[in-house]
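**Q** Each residue of the sequence shown is one higher than the one before, starting from 2 at the first, in the numbering used here. Each residue gets a CB set at the ideal place from its N, CA and C atoms; glycine is no exception.
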Amino acid sequence: TWTSLVLLWKRRPRPAFFLIFLSSAVFSMLSFGMLLPKADSFFASDGFVQVYEKDAAGRRPGLFIAGKLFVRGVSFYSGNKNMAVLTDNPKGVFYTKHSLPMISSTQDLLAIGRENFPVYCFLRAKEYRFLKTIVDEPIKVTVLEERPQRVLARLDRVE
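1) Taking only three categories from DSSP, how would you classify Leu70?
2) Since I believe Val50 is in contact with Ser79 (beta carbons under 8 Å), could you give me their beta-carbon distance rounded to a whole number of angstroms?
3) Check for me: the alpha helix (DSSP H) holding Lys127 runs from which residue to which?
4) Is it true that the CB of Ala126 sits closer than 8 Å to the CB of Gln150?
5) Can you tell me which of Lys69, Gly68, Ile135 puts its alpha carbon nearest to the alpha carbon of Asp109?
6) Quick check on the burial criterion: 16 or more other C-beta atoms within 10 angstroms. Buried or exposed for Val86?
7) Can you tell me the Cβ-Cβ gap for Gly48 and Leu124, rounded? I've got them flagged as a contact below 8 Å.
8) Buried or exposed: Val159, going by 16 or more other Cβ atoms within 10 Å of its Cβ?
9) Per DSSP, Leu156 is paired with what?
10) Are Val52 and Leu145 closer than 8 Å when you measure CB to CB?
11) Does DSSP put Ile165 in a helix, a strand or coil?
12) In angstroms, rounded to a whole number, what distance separates the CA positions of Pro102 and Arg148?
13) Could you pull the start and end residues of the alpha helix (DSSP H) that Ala26 belongs to?
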């Protein structure tokens, strides 16, 4: 703060450092206490998992497809470990080799076994737009919930 700079210039370091500490504490309380809870729905996956649970009541969970940012959260909140990642660049998703299957083409979608349908997709808006470009005839996309930057969609195999 400017006040602490003035106090340092006047050679009063203790009050200057106290003001710096106080302003840091106030900023932290404001940002973590007010701003982060508002942004929680943007990052957390628990709300979308609840929408999935309402739609899939009574059915066993099949495959979940998620964007790379939501894979761990969706897996945690749903308890489903049968996950895949939707990406337009399967080599550049994670920094290290990952055990999750990468879905990046129509062939990858068609290779999903019939027993895994319906497949639920937890995606960012950008990833949903990519999904629409690779979905082909025997698979139908239904949007269950859409928020400004997130989409929950269901893929059904139509035969």
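**A** Here's the rundown:
1) As a position in the sequence shown, residue 70 is number 69, starting the count at 1. In the structure shown, Leu70 sits in coil (DSSP, three-state: anything other than H, G, I, E or B).
2) To locate residue 79, count along the sequence shown from 1; it is residue 78. To locate residue 50, count along the sequence shown from 1; it is residue 49. Yes, Ser79 and Val50 are in contact; Cβ-Cβ is about 5 Å, under 8 Å.
3) Residue 127 sits at position 126 when you count from the first residue of the sequence shown. Looking at the DSSP string, the run of the alpha helix (DSSP H) that includes Lys127 is 126-135.
4) Along the sequence shown, read from residue 1 onward, the residue named residue 150 stands at position 149. Along the sequence shown, read from residue 1 onward, the residue named residue 126 stands at position 125. Cβ atoms of Gln150 and Ala126: closer than 8 Å.
5) Locating residue 109 in the sequence shown gives position 108, where the first residue counts as 1. Nearest C-alpha to Asp109: Ile135.
6) As a first step, residue 86 is located in the sequence shown; it is residue number 85 there, counting from the start. When all chains shown are included, Val86 counts as buried.
7) Position 47 of the sequence shown, counted from the first residue, corresponds to residue 48. Position 123 of the sequence shown, counted from the first residue, corresponds to residue 124. So it is not a contact: roughly 14 Å between Cβ atoms.
8) Sequence index remark: in the sequence shown, residue 159 carries index 158 (1-based). By the neighbour-count rule (16 or more Cβ atoms within 10 Å), Val159 is not buried but exposed.
9) In the sequence shown, counting from the first residue as 1, residue 156 sits at position 155. Partner(s): Val120, Val142.
10) In the sequence shown, residue 52 corresponds to position 51, counting from 1. In the sequence shown, residue 145 corresponds to position 144, counting from 1. Yes. Within cutoff.
11) Since the displayed the chain opens at 2 and closes at 160, residue 165 lies outside it and no answer follows.
12) Taking the sequence shown and counting its residues from 1, one reaches residue 102 at position 101. Taking the sequence shown and counting its residues from 1, one reaches residue 148 at position 147. Each residue's Cα considered, the two are about 26 Å apart.
13) Walking along the sequence shown from the start, residue 26 turns up at place 25. Its alpha helix (DSSP H) spans residues 14-31.
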